[in-house]
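All remarks here apply to the structure that follows.
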Amino acid sequence: MNAAGPPADTSTLLLTLSGQDRPGVTSAVFDTLARAGVQVLDIEQIVLRGRLILGVLVTAPREWKRLRDAVSSTAEALGMHVEIERGTGDNRSRRAGRAHVTVIGAPLKASAFSAVAGRIADSGANIDRIERMARYPVTAIDLHVSGAEPERLRELLAAEAARQGVDIAVQPAGLLRRGLRLIVMDVDSTLIQGEVIEMLAAEAGREQEVAEVTSRAMRGEVDFEESLHQRVAALEGLDADALDRVYDAIVLTPGARTLVRTLRRLGYRFALVSGGFSQITERLATDLGIHYSRANELEIVDGRLTGRIVGEVVDRAGKAAALREFATKVGVGPEAVVAIGDGANDLDMLNAAGLGIAYNAKPVVQDAADTAVNVPYLDTILYLLGITREEIEAADAAAGYTTPAPPV
Numbered sequence: 000m001n002a003a004g005p006p007a008d009t010s011t012l013l014l015t016l017s018g019q020d021r022p023g024v025t026s027a028v029f030d031t032l033a034r035a036g037v038q039v040l041d042i043e044q045i046v047l048r049g050r051l052i053l054g055v056l057v058t059a060p061r062e063w064k065r066l067r068d069a070v071s072s073t074a075e076a077l078g079m080h081v082e083i084e085r086g087t088g089d090n091r092s093r094r095a096g097r098a099h100v101t102v103i104g105a106p107l108k109a110s111a112f113s114a115v116a117g118r119i120a121d122s123g124a125n126i127d128r129i130e131r132m133a134r135y136p137v138t139a140i141d142l143h144v145s146g147a148e149p150e151r152l153r154e155l156l157a158a159e160a161a162r163q164g165v166d167i168a169v170q171p172a173g174l175l176r177r178g179l180r181l182i183v184m185d186v187d188s189t190l191i192q193g194e195v196i197e198m199l200a201a202e203a204g205r206e207q208e209v210a211e212v213t214s215r216a217m218r219g220e221v222d223f224e225e226s227l228h229q230r231v232a233a234l235e236g237l238d239a240d241a242l243d244r245v246y247d248a249i250v251l252t253p254g255a256r257t258l259v260r261t262l263r264r265l266g267y268r269f270a271l272v273s274g275g276f277s278q279i280t281e282r283l284a285t286d287l288g289i290h291y292s293r294a295n296e297l298e299i300v301d302g303r304l305t306g307r308i309v310g311e312v313v314d315r316a317g318k319a320a321a322l323r324e325f326a327t328k329v330g331v332g333p334e335a336v337v338a339i340g341d342g343a344n345d346l347d348m349l350n351a352a353g354l355g356i357a358y359n360a361k362p363v364v365q366d367a368a369d370t371a372v373n374v375p376y377l378d379t380i381l382y383l384l385g386i387t388r389e390e391i392e393a394a395d396a397a398a399g400y401t402t403p404a405p406p407v
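This is the structure in structure tokens:
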């Protein structure tokens, strides 16, 4: 919005119209401005529940009072209110330290938003623009902020998010947000609900002991590779057909298909990187149209699980290495990758990505990640990328598809 603009001493007029929206309002206003031969410097227009607010910054003609009267007459004919302010020069350029702050609530209370705005003000930053990204199944609001370093904002707002029970994502503004091209996701408790190894353990009658080890590993209390070998050993002798039964019982996280479907339309590539098992992840990748996958392979002999892993374990470091490998295949750097995970074994992967998202994650992961999402809808991540719910639904409708409406 802030181009080179006129010299600082050029006289300008700021016109602000408000009233009931209807077709032709903007056209009528600019017909009036066109007759005065002015130059348009800036425009902002929003509509809230049928009420329009239109702001126009133009150069002031020599007979500026005549234009003022003409615009006032146009507004009166439209049944709208207008304010006209004379000044000089264009808008001030936005200050350094620009960021997008996305606030997500279900619901989003005024008290929470007040607290967020207060912390932004405390940082010395300014909110330059606000727009709604979604109203269902969550309310997501994107704030364009300038005047504070994103890292400082993230620190202040993370604490406030915890106090208010909302999610807040802070991302530096710039081209990188538009350049993200690869999504790398964990599988268990991220792409799908629950843990595959616990489902297999239930088939073997050893679910509780395996779940306890899984929980400790996800909190970072025990080495992942060690915990994996312990849990897989509990599956020794299990019929390999159990893998089919477990796959059929898997429940995707709400919004998973919407996330993949929407970003594939925009040319994104996807990868699954899991500490789980290739016998499951490869089928998920095929089902969802995901381009790459990397996971551990369960050894199967004579139709039964041996309780061992084939080859190297995909652990915390292995996940980060897989992210870099897939980024190279796509032809982008790690800074163009979004990584999504929930456990301590995802930390290196989240830190390696341009945007690391802790999704309904353990506290140790939320503290270390760029941002955290704690609502149970995976497609909420689309709002962090600047994509609105309305755009998602419109794209689906154009393809003859109705966007699923998850329960709230």
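Residue numbers (numbering that gives the first Met the number 0): 0 to 407.
Cβ atoms here follow ideal geometry from the backbone N, Cα and C, with glycine treated the same way.
Quick one: grab the DSSP three-state call for residue i.
i: residue 334; result: helix
i: residue 399; result: coil
i: residue 147; result: coil
i: residue 1; result: Because the pLDDT at residue 1 is just 46, under 50, the model does not fix this residue reliably, and the value given afterwards should be weighed accordingly. In the structure shown, residue 1 sits in coil (DSSP, three-state: anything other than H, G, I, E or B).
i: residue 290; result: coil
i: residue 11; result: strand
i: residue 53; result: strand
i: residue 365; result: helix
i: residue 350; result: helix
i: residue 84; result: strand
i: residue 307; result: strand
i: residue 242; result: helix
i: residue 252; result: coil
Report back the beta-carbon spacing between residue i and residue j to the nearest angstrom; my notes put them in contact at under 8 Å.
i: residue 401; j: residue 395; result: 7 Å
i: residue 302; j: residue 239; result: 5 Å
i: residue 237; j: residue 201; result: Between residue 201 and residue 237 the Cβ distance is about 10 Å, and since that is not below 8 Å, they are no contact.
i: residue 199; j: residue 241; result: 6 Å
i: residue 316; j: residue 347; result: 6 Å
i: residue 454; j: residue 136; result: This structure gives no information on residue 454, because the portion of the chain shown stretches from 0 to 407.
i: residue 39; j: residue 24; result: Between residue 24 and residue 39 the Cβ distance is about 16 Å, and since that is not below 8 Å, they are no contact.
i: residue 44; j: residue 32; result: The Cβ separation is near 14 Å, so there is no contact.
DSSP beta-bridge partners for residue i?
i: residue 276; result: 295
i: residue 170; result: 99
i: residue 131; result: 140
i: residue 269; result: 182
i: residue 329; result: None; residue 329 has no bridge partner.
i: residue 358; result: 372
Could you pull out every residue in the same chain whose Cβ sits closer than 6 Å to the Cβ of residue i, ignoring the five residues on either side in sequence?
i: residue 168; result: 101, 370, 383
i: residue 270; result: 183, 291, 325
Tell me which residues share the same chain as residue i and place their Cβ nearer than 8 Å to its Cβ, disregarding the 5 neighbours each side in the sequence.
i: residue 110; result: 163
i: residue 80; result: 16, 17, 18, 74
i: residue 10; result: 58, 59, 63, 85, 86, 87
Excluding the five sequence neighbours on either side, which residues of its own chain have a C-beta within less than 7 Å of the C-beta of residue i, listed in chain order?
i: residue 329; result: 180, 181, 268
i: residue 147; result: 96, 122, 123, 124
i: residue 60; result: 35, 36, 37, 66
i: residue 197; result: 206, 209, 210, 213
i: residue 112; result: 102
i: residue 128; result: 143
- Query: Is the stretch 246 to 263 close to the stretch 293 to 302, with three or more CB pairs under 8 Å?
  - Reply: no
- Would you call the stretch 247 to 256 and the stretch 211 to 228 touching, i.e. three or more CB-CB distances under 8 Å? no
- How about the stretch 331 to 346 and the stretch 356 to 370: do they share at least three Cβ pairs that are nearer than 8 Å? yes
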